[in-house]
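Notes for the one structure printed next.
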Amino acid sequence: MKEENPISFVCSLCGRPYAMEAGRDRHLCPVCSGSIEPVYDFHGKKEHYRSILRRGSSHGIWGYRELLPVDPDVVPVTLDEGNTPLLQADHLARELGVRRLYLKNETLNPSYTYKDRFATIAVSMAKHKGRHTIALGSAGNAAAALAAFAARGGMDCFVLLPPGAVQDRARQIRSYGAKLITMEETINDCILMAKRGEDLFGWENVSTATCFHPWAAEGYKTIGYEIGRQLDFRLPDWIVCPVGGGALLSKIYRGCQDMLALGLIDHLPRFAGVQAEGCMPLVRAYETGKAVADDWGVPDTIAFAIADVCTFESATVLSLLRSTGGTAVAVSDPEILEAMQATGRKEAVLAEPASAVTVAGVKKLLAGGTISREESVCCIISGNGVRDLPLMVQGLPEVPRVGVDDVEGLRAAVAAYQKGKE
Ligand SMILES: [Zn+2]
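Mapping to my numbering: the sequence shown position 383 is 694, numbers consecutive.
In structure tokens form, the structure reads like this:
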């Protein structure tokens with residue numbers, strides 16, 4: 312078995328050095344609960360790193376590997392993840408009433424979500440360490456990503472699934488050859504059980520919160536790098552991001568911090584974290600002025616992919632929202648559903664409920680005046696709604712049926728659609 316990689320780690324909030332100890336199941340700063348992150352030394356090499364970010368990556372996210380915490384001799388297991396489009400969404404911008412709107416379309420990743428940026432690193436590292444089997448607790452998207460990359464890497468993958476996981480996700484996971492085990496308990500219990508499998512079966516636990524895997528979570532910051540490059544390093548005023556465990560938002564922020572440190576941008580954008588009203592631990596903490604979010608009770612929302620009762624990275628996320636003049640907001644299920652359908656209809660991007668929260672969130676923040684109509688906004692569309700088609704068509708009128716040669720019936724059907732448009 313090869314050694315853990317030698318990169319050093321610090322707390323993202325208080326900057327204290329953090330010692331990686333084998334066997335620890337959760338990495339958070341013991342003093343301030345900040346997220347743990349690797350350290351890169353840009354000193355004297357800024358032009359070199361700037362050229363990497365200007366050039367971008369043509370082999371998955373591995374063109375950025377000097378900015379990722381992986382040993383130089385790790386062989387990438389990649390499915391050409393990342394490099395997702397940044398769409399200028401003029402139709403939706405008009406509907407929402409904002410000057411400029413971008414959609415970072417993460418739905419086009421190989422397993423349909425941004426989690427592939429994590430999975431490529433986690434699986435490559437596990438394989439490099441000589442592991443044959445990875446395991447994780449996940450309600451769906453993370454498991455699909457890890458299962459896909461395990462298949463690509465010729466590894467076994469065990470997935471511990473909590474009750475209530477969406478069946479379409481479970482079928483996708485099984486299609487990659489992963490072995491599902493359902494548990495009666497919460498996602499947290501599933502994650503802990505995956506950890507226990509390390510001793511029992513020699514598994515590599517690859518559960519996807521930053522606190523469980525501070526190495527692979529760095530993959531998410533490449534979303535920030537890509538947005539920078541795609542906009543010629545003129546970032547939008549706002550980046551609006553769904554929040555479950557919080558790693559997606561905190562790592563896109565981290566990517567922006569890198570670009571600032573390298574002089575590619577001259578200020579940070581403001582960040583908005585969006586949750587569903589049926590599970591909003593971060594928003595509650597933000598609104599009540601807390602430094603760390605308390606766990607939520609029982610989630611009740613269609614946005615299951617962000618219905619994490621624990622916002623693992625809450626200390627880091629709350630701090631960065633406040634320090635960038637950002638905000639946190641929650642949206643209702645009907646608002647999410649409306650945003651899903653509008654994003655599909657106006658921009659041909661099928662956003663899963665947990666991603667459509669961003670569009671619903673922008674609408675709410677515009678209405679409340681937090682985001683000005685003169686500003687530019689980028690929504691992170693984190694996962695694909697092609698697996699949520701029943702929700703996409705919920706509430707739409709029934710499809711009319713016309714018989715052979717029934718021209719009058721056809722006229723009536725077309726007229727009914729025209730009437731619906733008015
Ligand atoms: Zn700390």
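Backbone N, C-alpha and C define an ideal beta-carbon position, used for all residues, glycine too.
Grab me the residues of residue i's own chain with a C-beta within less than 7 Å of its C-beta, minus the 5 sequence neighbours each way, in chain order.
i	result
Val554	Leu560, Gly584, Val585, Gln586, Leu593, Ile617, Thr622 and Val628
Arg581	Asp548, Trp549, Thr635, Gly636 and Gly637
Asn416	Thr395, Pro396, Leu398, Val660 and Ile692
Pro744	Within the shown structure, residues of the chain are numbered from 312 to 733, placing residue 744 beyond reach of any answer.
Gly448	Leu471, Ile498, Cys501, Ile502, Met504, Ala505 and Ser518
Leu575	Arg361, Leu364, Gly539 and Phe544
Val642	Val585, Ala587, Glu588, Val668, Ala671, Gly672 and Lys675
Val477	Gly451 and Phe615
Glu496	Pro473
Could you tell me how far apart the beta carbons of residue i and residue j are, in whole angstroms, since I believe they sit closer than 8 Å?
i	j	result
Val470	Ala489	5 Å
Leu407	Leu677	6 Å
Glu515	Arg442	4 Å
Ile372	Arg428	6 Å
Val718	Gly672	About 46 Å separates the two Cβ atoms, so there is no contact after all.
Arg540	Gly367	5 Å
Ile432	Glu509	Going by Cβ atoms, the distance from Ile432 to Glu509 rounds to 18 Å, so no, they are not a contact pair.
Ala430	Ala459	7 Å
Residue i to residue j, Cα distance in whole Å?
i	j	result
Val409	Ala400	10 Å
Asn452	Phe615	10 Å
Pro473	Arg545	41 Å
Thr638	Arg684	16 Å
Tyr728	Asp619	40 Å
Asp548	Ile347	27 Å
Arg712	Pro645	29 Å
Gln568	Val710	50 Å
Asp352	Leu573	11 Å
Ala330	Ser319	8 Å
Lys356	Ala333	32 Å
Gly680	Ala404	16 Å
Arg722	Gly731	14 Å
Ala650	Ser666	9 Å
Met466	Gly720	56 Å
Asp479	Arg485	10 Å
Arg411	Asp716	47 Å
Ala450	Asp605	20 Å
Phe512	Cys325	37 Å
Cys340	Pro525	12 Å
Ser630	Ala726	54 Å
Cys552	Ala724	40 Å
Met494	Lys601	32 Å
Lys426	Gly714	46 Å
Cys590	Val350	33 Å
Gln705	Ala461	35 Å
Asp577	Tyr597	27 Å
Leu414	Asp336	35 Å
Thr599	Asp382	42 Å
Val609	Ala653	29 Å
Tyr487	Cys468	9 Å
Pro708	Asp611	26 Å
Might you give, ordered along the chain, the residues of its own chain that have their beta carbon closer than 6 Å to the beta carbon of residue i, omitting 5 neighbours on each side?
i	result
Glu315	Note on Glu315: pLDDT 47, under 50, position unreliable in the model; the coordinate value appears next. Once the five neighbours on either side are set aside, Glu315 has no close Cβ partner at all.
Lys532	Lys562, Arg565 and Gly566
Pro328	Val321
Val603	Ser344, Ser625 and Ala626
Gln483	Ala455
Ser435	Val385, Pro387 and Val388
Ser323	Gly345, Ser346, Glu348 and Thr627
Ile437	It should be noted that the sequence gives Ala, not Ile, for residue 437. Answer for Ala437: Ile445 and Glu515, listed in chain order.
Asp391	Gly371
Using a Cβ-Cβ cutoff of less than 8 Å, which residues in the same chain neighbour residue i once the five nearest sequence positions on both sides are dropped?
i	result
Ile363	Gly374, Tyr375, Glu377 and Leu378
Gly696	Thr418, Met651, Gly655, Leu661, Ala662, Glu663, Pro664, Ser666, Ala667, Leu702 and Met703
His402	Lys657 and Glu658
Leu571	Asp577, His578 and Leu579
Thr537	For the sequence presented, residue 537 should be read as Glu rather than Thr. Result list for Glu537: Gly367, Gly393, Asn394, Thr395, Leu397 and Lys415, in chain order.
Return no unless some Cβ of chain B is closer than 8 Å to the Cβ of residue i.
i	result
Leu702	Absent here is chain B; the protein component of the structure consists of one chain.
Indicate whether the contact test is met: 3 or more Cβ pairs, each with one atom in the region 497-507 and one in the region 415-422, closer than 8 Å.
-> no
Minimum length 3: unbroken beta strand (DSSP E) runs contained in the region 360-438 = 397-399 and 411-416
Validate contact between the region 431-445 and the region 691-708 using beta carbons, cut 8 Å, 3 pairs | For the pair of segments examined, the region 431-445 was found not to touch the region 691-708: the number of CB pairs separated by less than 8 Å stays below three.
Report the residue ranges of all alpha helix (DSSP H) runs contained in full by the region 492-548; include only those spanning at least 4 residues, in chain order.
-> 498-512 and 532-541
Say whether the region 649-668 touches the region 503-522, bearing in mind that this needs 3 or more beta-carbon pairs closer than 8 Å, one atom from each stretch.
-> no
Tell me the start and end of each unbroken beta strand (DSSP E) in the region 620-686 that is at least 3 residues and wholly inside, in chain order.
-> 638-642
Which runs of the beta strand (DSSP E) spanning at least 3 residues fall entirely within the region 579-609, listed in chain order?
-> 581-587
Run through the region 320-361 for me and flag every whole beta strand (DSSP E) of 3 or more residues, listed as ranges in chain order.
-> Within the region 320-361, the complete beta strand (DSSP E) runs of at least 3 residues are 320-322 and 347-349.
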